[in-house]
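Note sheet for the following structure.
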Amino acid sequence: MSLIAFLGAIELGFIYGLVALGIFISFRILDFPDLTVDGSFPLGAAVSAALIVAGWNPYLATMIAITAGSMAGLITAWLNVKMKILNLLASILTMIALYSINLRIMGRPNVALITEETILTPFNNLAETLGISSYMLMPIVFLVFAVLIKFALDWFLASQIGLAMRATGANSKMARANGIFDGRMILLGMAMANGLVAFAGAVFAQSQGSADVTMGVGVIVIGLASVIGGEALLTPRTITRATLACILGSIVYWLAVSLALNADFIGLEAQDLKLVTAILVASALILPGSRFAKFIRRGGKS
Amino acid sequence: MIICENLRVTFNKGTVMETKALCGLDLTVPQGQFISIIGSNGSGKSTTQNAIAGELPLDEGRIIVNDIDISDWPAPKRAGLVARVFQDPLAGSCENLTIEENMSLAYMRGRRRGLGRSVPKAARDQFREKLSRLGLGLENRLGDLMGLLSGGQRQAVSLLMASLQPSSVLMLDEHTSALDPRIAAFVMELTSDIVTENNLTAIMVTHSMRQALDYGERTVMLHGGRVVLDVSGTEREGLKVPDLIAMFEKAHGEELSDDSLLLS
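Below you can see the structure in the form of structure tokens.
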């Protein structure tokens, strides 16, 4: 594997680490099987790309993308909490709706950002000043993003509201009996989760130089693979370890993908990626007695 | 003080499965009174508690706690006035949270939650002190996951949790029935102590006639979603299980047929 491929995998690992953190909030903390992410990831990309192309400030565009993602999460949560639609189905409905919305936002299936100024432009300039290629600096930039968000999430989950959110996912009846408005916690958590995923989508589009309406396909499975893989590597006894596991899992996932695609003798090509990911997640579920199996199956109940 | 007026609750309304769980239940518990509710399966004991807690919508009737009509309040809002201990020892706490986190959840019951740390330092000392009275050594295990505790230990902690914040009504739903007899007796003694110390208004649902007569100061029997027997004071003194059965049969004009109620 070349250095470029290696650093590219690390970069993707940190970006998708944010997706894994989002999925950790919905699946793990709230016990809410949320497929909205397949729509909110490209939503973040679409909103930021469309606004940047229209000449908006890239930071503002990214903030709006995060807000849009949170709104998507809120809609899913609202369908479930207020309209009493089964959580999984509610998320699928939002996901499908977002496909059309994303096309509307961009006006076409993809938007190129190569020549635009993005939130990453200052870092590209910095790399130039330092006399290194930007692909060498980017992993560090995304490391900082991911670590900052990880610590912010840790801090939140260790607060009274954060604890209330964890109790909501673990035992909603007990939560209500202790004065926690569980519906509000689901709304808040889903907004956070999808805002985070939309942020990842926005950053992904800006780092790859384009937003594409199909880029969300299978994000949920990649995210789950990261969460599951991370848990296998680090037994997450505490929240700080669990969030670290999400990011670590994502990096390992993308390194493994990069390795597999670069090893010609296996014969895997880029189009096999989603199949391999699905098989990976399925095997983790099938493995007898694995605690991931328990987690996902529990996560899948209504 | 809690007043339940003409409570009516129907399950599966409008379907062939329709069941009238509460049919005009009236119950007033004065401040500081400890009552036990007894009744056979399906008599409406648990439904009454769930209705008071706000987990079940009322078809009709009013629930008034300390002169506040809480009939339309959602369950979490009522939690500031009503504390609960559930029948299932696993239901009253979160197994994947630590003991101190669980206690902290209860510590914030009825208070506004913010971005302050989940387990405040001052609270931790209080938790330790409360736990030490159990004599189970849990005061040294604040950071252990709740799931590591036995059912009895969890129920004892749930009981402490329910008393961490003052409440207007403490509701105990057959909270010793899933425990082995020795632990059940321990939890029951603890209940009695906590209720007396804090001068709590408590409503204990039980399946055991013995328990219903031994604890508290008033025994209420439900049948068919109504109060059919209500004994307290001198009338209740020296009352034995057979007396209670006789009173029930006299009051209701039918034989008590629930074996589990008679045998326990």
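Chains as they are written, first to last, in the numbering used here: chain L, 474 to 775; chain X, 5 to 268.
C-beta atoms are modelled at their ideal positions from N, C-alpha and C, and glycine is treated no differently.
Minimum C-alpha distance to residue i - residue among the options
i, options, result
"L:D511", "L:N598, L:F487, L:I693 and L:L503", "L:I693"
"X:V173", "X:T180, X:N203 and X:R145", "X:N203"
"X:L85", "X:I72, X:L62, X:G96 and X:S108", "X:I72"
"X:R66", "X:Q130, X:N10 and X:P246", "X:N10"
"L:S513", "L:I483, L:P531 and L:S564", "L:S564"
"X:N100", "X:D148, X:D177, X:S167 and X:E193", "X:D148"
"X:G46", "X:A55, X:E59, X:L26 and X:G58", "X:L26"
"X:N16", "X:P34, X:L60 and X:G242", "X:L60"
"L:L616", "L:L758, L:S756, L:I488 and L:M474", "L:I488"
"X:S83", "X:N54, X:L94, X:T102 and X:C98", "This sequence places Ala at residue 83 of chain X; Ser is not what is there. When only C-alpha atoms are compared, the closest one is X:N54."
"X:S122", "X:L138, X:E133, X:E105 and X:R113", "X:E105"
"L:G668", "L:G481, L:T549 and L:N530", "L:T549"
"L:G662", "L:F479, L:A718 and L:L503", "L:L503"
Own chain partners of residue i with C-beta closer than 8 Å, once the 5 adjacent residues on each side are dropped
i, result
"X:R240", "L217, E221, R222 and T223"
"X:F252", "M225, H227, V232, L233 and L260"
"L:M647", "A640"
"X:F90", "G96, S162, D177 and H179"
"X:M192", "T180, Q215 and Y219"
"L:F479", "L728 and S731"
Cutoff 6 Å; reference residue i; Cβ partners in own chain excluding five residues on either side
i, result
"L:G486", "S723, I724 and W727"
"L:A519", "N575, I578, M579 and A684"
"X:T32", "I7"
"X:L168", "A110 and Y111"
"L:L553", "Here the sequence assigns Asn to residue 553 of chain L, which means Leu is not the residue at that position. The answer, listed in chain order, is N560 and A563."
"X:L248", "M213"
"L:I587", "G682"
"L:A718", "G703, E704, L707 and P709"
Same chain, Cβ closer than 7 Å to residue i, neighbours up to 5 away in sequence not counted
i, result
"L:I712", "D627, L630 and A631"
"L:V754", "V694, L697, A698 and I701"
"X:G18", "none"
"L:N597", "S607"
"L:T716", "L494, F497, K623, L626 and D627"
"L:M658", "A637, M638 and T641"
"L:G635", "F629"
"L:I483", "P612 and I724"
"X:L194", "A160 and L163"
"L:A589", "The identity of residue 589 of chain L in the sequence shown is Glu, whereas the question assumes Ala. For L:E589, where only same-chain residues beyond five positions count, the Cβ hits under 7 Å are I525 and V526."
Range covered by the beta strand (DSSP E) that runs through residue i
i, result
"L:L508", "Where L:L508 is concerned, there is no enclosing beta strand (DSSP E), given that its DSSP letter is neither H nor E."
"X:L11", "I6 to F15"
"X:R66", "E64 to V69"
"X:R230", "R230 to S236"
"X:R88", "V86 to V89"
"X:R3", "The requested residue 3 of chain X is not part of the displayed model; chain X covers only 5 to 268."
Cβ-Cβ distance between residue i and residue j below 8 Å
i, j, result
"X:M175", "X:M107", "no"
"X:M213", "X:I39", "no"
"X:A127", "X:L140", "no"
"L:V584", "L:A522", "yes"
"X:L29", "X:G229", "yes"
"L:L547", "L:A673", "no"
"L:Y532", "L:I613", "no"
"L:N560", "L:P515", "no"
"X:S181", "X:H211", "yes"
"X:Q35", "X:T200", "no"
"X:M21", "X:C98", "no"
"L:G517", "L:A666", "no"
"X:A79", "X:G48", "no"
"X:I103", "X:L138", "no"
"L:L721", "L:G703", "yes"
N-terminal and C-terminal residue of the alpha helix (DSSP H) that residue i is part of
i, result
"L:K646", "S645 to A650"
"X:T52", "K49 to A57"
"L:R657", "D655 to Q681"
"L:V686", "First-last for L:V686: undefined, no H or E at that position."
"X:M175", "No alpha helix (DSSP H) holds X:M175; the beta strand (DSSP E) holding it covers V173 to D177."
"X:M213", "M213 to D218"
"X:C27", "Taken as a continuous stretch (DSSP letters only), X:C27 belongs to no alpha helix (DSSP H), being part of the beta strand (DSSP E) at T23 to V33."
"L:G722", "I712 to N735"
"X:V199", "P185 to E201"
Contact with chain C by residue i, beta-carbon distance below 8 Å
i, result
"X:A110", "Included in the structure are the protein chains L and X, with no chain C among them."
Compile a chain-ordered list of the residues in the region 80-107 of chain X whose CB is closer than 7 Å to at least one CB of chain L.
Answer in chain order: P80, A83, G84, R88, A95, G96, S97, C98, N100, L101 and E105.
If the cut-off is 9 Å on Cβ atoms, which residues from the region 650-670 of chain L count as contacting chain X, listed in chain order?
Listed by position, the residues of the region 650-670 of chain L near chain X (Cβ gap below 9 Å) are A650, N651, G652, I653, F654, D655, G656 and R657.
Give the residues from the region 695-706 of chain L that approach chain X closer than 7 Å (Cβ to any Cβ), ordered along the chain.
The region 695-706 of chain L vs chain X, Cβ under 7 Å: nothing.
Proximal residues, the region 543-564 of chain L versus chain X, C-beta separation under 7 Å:
From the region 543-564 of chain L, no residue has a Cβ closer than 7 Å to chain X.
Taking beta-carbon pairs under 8 Å, can you tell me which members of the region 617-646 of chain L lie near chain X?
Listed by position, the residues of the region 617-646 of chain L near chain X (Cβ gap below 8 Å) are F629, A631, S632, Q633, I634, G635, L636, A637, R639, A640, A643, N644 and K646.
For the region 28-58 of chain X, enumerate the residues whose C-beta is nearer than 9 Å to any C-beta of chain L, in chain order.
Residues passing the 9 Å Cβ filter: A57 and G58.
Using a Cβ-Cβ cutoff of 7 Å, what residues of the region 119-142 of chain X are near chain L? List them in chain order.
Contact annotation: in the region 119-142 of chain X, residues whose CB is within less than 7 Å of a CB in chain L are L119, G120, R121 and S122.
Interface positions of the region 155-177 of chain X facing chain L (Cβ-Cβ less than 7 Å), listed along the chain
Taking 7 Å as the Cβ-Cβ cut-off, the region 155-177 of chain X has no residue approaching chain L.
Taking Cβ-Cβ distances below 7 Å as the criterion, which residues of the region 220-232 of chain X are in contact with chain L?
Within the region 220-232 of chain X, no residue qualifies.
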